[in-house]
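Quick note, my numbering runs 225 ahead of the 1-based positions in the sequence shown.
Cβ atoms here follow ideal geometry from the backbone N, Cα and C, with glycine treated the same way.
To keep things clear, I will list the structure first and then write my remarks on it.
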Amino acid sequence: MTSRSTRNGLVALVAAVTLLTALTGCGGGGDDMAHGGPSATATLTATVSDGVQVFDVVGQVNQTFSAGELVAHPGTIRVNFSVPNGSAPHNFVIDTLPGATTRIVAAGQSQSITFTASKPGRYPVVCTLHKGMTATLVIL
Ligand SMILES: [Cu+2]
């Protein structure tokens with residue numbers, strides 16, 4: 226009896242993990258998965274943690290960023306940049322802001338960068354490895 230219920234529990238767990246993988250596998254990041262459109266056009270608003278504006282950005286399998294616009298206010302910004310398994314490597318580079326550059330991040334890895342953006346404006350984000358893989362940091 227015990228082993229039977231354990232087995233049923235395991236089956237349910239595997240099913241749940243499979244479903245979760247299927248849901249996240251389409252490359253959405255954070256809050257923008259729900260609408261199902263091309264996530265590169267999604268707008269991400271920073272989550273504020275200890276006075277730092279935080280973005281979770283994925284460099285996706287289809288060579289786009291998981292958000293087209295990252296919207297923040299002047300101040301300290303952290304980008305948690307990750308690349309999923311099965312993807313080409315990517316980086317996250319804002320040439321016009323000191324410190325706003327990751328290394329080349331391989332599949333299954335991530336890097337967090339913290340930098341300051343003090344002036345309002347639109348700052349281009351690129352992946353230097355993939356032409357057309359772009360986004361914009363918008364400082365309000
Ligand atoms: Cu790339």
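- Beta-bridge analysis with DSSP links alanine 342 to Gly300.
- For the pair valine 350 and threonine 341, the CB atoms are not nearer than the 8 Å cut-off.
- For threonine 359, the enclosing beta strand (DSSP E) starts and ends at 359-364.
- The alpha-carbon of isoleucine 364 is positioned some 32 Å away from that of glycine 311.
- DSSP places glutamine 278 inside the beta strand (DSSP E), whose first and last residues are 277-283.
- In the structure shown, threonine 272 adopts extended strand secondary structure according to DSSP, grouped into three states.
- Of the residues assessed, histidine 298 falls on the exposed side of the cut-off, its CB having fewer than 16 other CB atoms within 10 angstroms.
- Apart from sequence neighbours up to five positions away, the residues of its chain that approach histidine 355 with a beta-carbon distance below 8 Å are Gln288, Ala313 and His315, ordered along the chain.
- The beta carbon of glutamine 336 sits no closer than 7 Å to any heavy atom of ligand 1.
- For alanine 313, the distance from the CB to the nearest heavy atom of ligand 1 is below 7 Å.
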